[in-house]
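Chains F and G, in that order, give the protein sequences.
Mapping the first sequence onto this note's numbering, position 211 (from 1) lands on 1582, and the numbers just tick up by one.
Mapping the second sequence onto this note's numbering, position 424 (from 1) lands on 672, and the numbers just tick up by one.
Each residue gets a CB set at the ideal place from its N, CA and C atoms; glycine is no exception.
The structure presented is a predicted model; accordingly, all values stated were derived computationally and were not measured.
Here is the structure we will look at.
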Amino acid sequence: MSDWTLRLHDVSFFRGQRRVLAGASFDVARGELVALMGPSGAGKTTLLRLIAGLDTFHSGTVQVEDVALNGGAAHPPAALNRLREKVGMVFQYPYLFEHLPVLKNIWLAPVHARGMPRPEAEGRARELLASLGVEHRAAALPRELSGGEAQRVAIARALAVDPPLLLMDEPTSALDSSRRTELSELLQGLTRDGRTLVVATHDEEFARQCAARVLRVSEGCVSEDDQIGQ
Amino acid sequence: MTILNSCLGRVEIKSESVAPTAALPSKRVGSRLKVFIRAARLAALALLLLPAAAEPSEPSGEFRWAGDPEGGAPFVEADPAQPDKVAGFDVEIAELIARRLGRQARFVNITFTSIDQSIERGDAEIGLSGMEDTPARRAAAAPTVPYYRFREVLSVRAADAVRFRTLADLRGRRVGTLGGTIAYEILLGAEREHGIKVVSYDDDVHPYSDLVIGRVDAVLLDNVLAERRARALPGFTIQPQSVAIGHYVGVLAARNSRLRDQIDEILRGAMGDSSLEKIFRKWRVWNDDQPELHAEVLAGKSLAPGSGLAATDVAPPVAGWQATVRYLPSLLRASALTLVLSCLAMALAVALGVLIASGRVYGGRLAQMLLRAYVEVMRGTPILLQLFVLYYGIAEVIRLPAFGAALLGLALNYAAYESEIYRAALEAVATGQLEAARTLGLSERQVLGLVRAPQAFRLALAPMTNDFIALLKDSSLVSVLTVLELTKQTQIFATNIGSWVIPGLLCAALYLAMSLPLAALARRLEQRWKAPTA
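Right, here's the structure in full:
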């Protein structure tokens, strides 16, 4: 088995006539937490969306473990299905399912997408909520949550399907500094379990707190930044 | 007796129109307007409660008479040679009266079922359109002496001529007639006595066409109508034995008794000098009954409203509360039918609407195109037309029962509107919600069923409720397919007692009793499942 979880090779992406990514290439090792940084509009969110299979790209390859997506064509449904067993994503806006209470938001996918028995999925959902400090909100509807609570529920929902690679887009945008530190510790804990994380963020301090490595996205290119010691 | 319409072509009359049914291309549109008029009448109940209009001040040279040209020949119809004029024996009688009054006849176009009320309002001085002499009219208005004697006759398919000779032979069989007429009352009596099933029509054409294709087993209408249809439509025979005898009269407002007396003298004069005979002969309706009637009128004999009628068939006028007690059970039955029909039609419309909306959002280009065409056709054509096509138009190929055609017609029409609501609601669910569901590994089908549709449903709930209440009221349109729903039953009630006040109030109360709980339920559901505010 290779020592990387995610590999991008020469990925290019255009939005209309505008080139957003120009031959982006990088690897992310298993259990590594990488921060993607760069100015607004640099292409950080686009990169995450390409890795999650939400958008097609024009050339290059995205590979997550043994699943490869190639540019220049629509992704085959079978490849997308396999990819989504391996990649979870937490969006900048949590997009919790508005019609469902918190607990069901979390066990919905394990039961329906992974075939997990409901009691088991519900138990796991409660564990995740407890580990994120929001177990008391299990019966609440998403509209009743604060921004920070919603963000943590969204992380719990993504972790519930146990993806080896977790993508997070601006996870600190709704958090104050103490919550940011808590989140940083939480993410580091996830890497200790062998999970790989790619986190797009503006937040230099947060990146310094939790990331082992920083990738800078600028003018369509991705470049290695200095190593950040823990 | 009247014929609400037999014309397939356009009828345009250049004359004053109170109920605008003349300048219409077809019966369907005419009937729709009748429904609008009924609705307007209900909305104007407060006005109807006001004292009757004062004595109309007619221009001295004008004699305003009311009729319904949708009745067709030989009563009042658009003149085939000059479609902007009316022709018929009632037209000629009106002109004769006007001439002898020294005035100019002016035709006022009024829907048949509204003629009594319009005369009472003062829209015209006399109604002449095959108006039956009934106890209710004698009590509420000032009818003239009878000028024509008709016989209620039973028509059956030629093959049934031997076995269905009388109403008693028709136990368990469907017998059609015009609603709100003496014939209808006779059939209601036969329903109690002989167990027949009464089918009420809005016109005199479809009872006979339905008889020929087997939807009804007999038709009871007067001999003038029956003989006229028999000349145009083969396949049925008229039984020689009369079920009852009745008379046509002119109807004036009770306060106009002086004019009525003048007109009575004119009619007697026209009987004496054979002017009426000439008119009836011209229109091929002169028969052996008429000399007898004319002799009786000229001899001053008091004529009963009809003979051969059981006392219960055409009941004498009663007080409003008594009439209400009498009609309440049938109004409640009609309400139940309205509610059942509306609920079933809405359930089917929702199911079809969901399928159409899903096809339009998720389907291929061809499916999207076909479904869009369906929606545009159903939204772009009148529901009344669709009901007619379903029930009468395709009867040669598929003979749908009346209730089935009504249910299907309402459901197919409302499905188009529902599908647009659901499509818009599906498209209003945030893309981020769908992408979040996809990244969790849910299939597209699961995304739709578990995430998108439930959220769309909350958005669609309020317009759906509106549609359901609208459908409840639109169900009144199916009376044209002989389904006796609440509005139709109310119309019959109003026609028979000669007033819309009590029937209108009762009808409005029953509709509100059905729609208000629905609205309350919808509000509770909306509250429970309300979409989050941003």
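- Annotation: the continuous alpha helix (DSSP H) that includes K1457 of chain F extends over P1448 to K1457.
- For L1479 of chain F, the chain G residues whose C-beta falls within less than 7 Å of its own C-beta are L698, listed in chain order.
- In the same chain as V545 of chain G, and ignoring 5 residues on each side of it, the C-beta atoms closer than 7 Å to its own belong to V393, P394, R516 and M519, in chain order.
- A distance of 8 Å or more separates the beta carbons of P1481 of chain F and V1524 of chain F.
- By the rule that beta-carbons nearer than 8 Å mark a contact, A1484 of chain F touches chain G.
- Here A710 of chain G is not near E644 of chain G, since their CB atoms are 8 Å or more apart.
- For N1441 of chain F, the three-state secondary structure derived from DSSP is strand.
- For A678 of chain G, the closest Cβ of chain F is nearer than 8 Å.
- With its beta carbon less than 8 Å from one in chain G, G1459 of chain F belongs to the interface.
- In the three-state reduction of the DSSP assignment, R1584 of chain F falls in the strand class, which pools E and B.
- Bounds of the beta strand (DSSP E) holding R397 of chain G are Y396 to R405.
- Its Cα nearest to that of L753 of chain G, the residue G:L734 stands out among G:L614, G:P553, G:A326 and G:L734.
- Cβ-Cβ distances below 8 Å link Q681 of chain G to V699, R700 and Q703 in the same chain, with the five nearest sequence neighbours on each side left out; the list follows chain order.
- In the three-state DSSP reduction, K1415 of chain F falls in the helix class (H, G or I).
- Non-local beta-carbon contacts of R1551 of chain F in its own chain, meaning distances under 6 Å to residues more than five positions away in sequence, involve T1543 and F1577 in chain order.
- Across the structure, M1460 of chain F and A1423 of chain F are spaced so that their CA atoms are roughly 7 Å apart.
- By the CB criterion at 8 Å, L1499 of chain F and L1530 of chain F fall inside the cutoff.
- Per DSSP, I493 of chain G is one residue of the beta strand (DSSP E) stretching across F484 to Y496.
- Nearest to A474 of chain G by C-alpha distance, out of G:Q487, G:T730 and G:V464, is G:Q487.
- From the listed residues F:R1386, F:Y1464, F:D1437 and F:W1375, the smallest Cα separation to D1426 of chain F is found for F:R1386.
- With contact defined as three or more Cβ pairs closer than 8 Å, the region 322–339 of chain G and the region 370–377 of chain G are in contact.
- Taking a C-beta cut-off of 7 Å against chain G, the contacting residues of the region 1416–1450 of chain F are A1423 and L1425, listed in chain order.
- Here F311 of chain G carries a strand assignment [DSSP, helix/strand/coil].
- Only exposed fits Q1388 of chain F, as fewer than 16 other CB atoms lie within 10 angstroms of its CB.
- Scanning F:L1451, F:R1390 and F:R1401 for the CA closest to the CA of S691 of chain G turns up F:L1451.
- Using beta-carbon distances, E1541 of chain F does not count as an interface residue toward chain G, since no partner is under 8 Å.
- When only Cα atoms are considered, T743 of chain G and T572 of chain G end up about 13 Å apart.
- For W1375 of chain F, the enclosing beta strand (DSSP E) starts and ends at W1375 to R1386.
- The C-alpha of L600 of chain G is placed about 30 Å away from the C-alpha of V447 of chain G.
- In the structure shown, Q1463 of chain F adopts coil according to DSSP, grouped into three states.
- By the neighbour-count criterion, in which 16 or more other beta carbons inside 10 Å mark a residue as buried, L614 of chain G falls on the exposed side.
- For S522 of chain G, there is no enclosing beta strand (DSSP E), since its DSSP letter is neither H nor E.
- Contact note: G689 of chain G reaches chain F through N1452, R1455, E1456, A1480, A1484, R1485 and V1532, using a C-beta cutoff of 8 Å and chain order.
- The beta carbon of P751 of chain G lies closer than 6 Å to those of T738, F741 and A742 in the same chain, with the five residues before and after it left out.
- Under a criterion of Cβ atoms nearer than 9 Å, the residues of chain G adjacent to R1528 of chain F are, in order, A684 and L688.
- At a cut-off of 8 Å, the C-beta of Q739 of chain G has no neighbouring C-beta in chain F.
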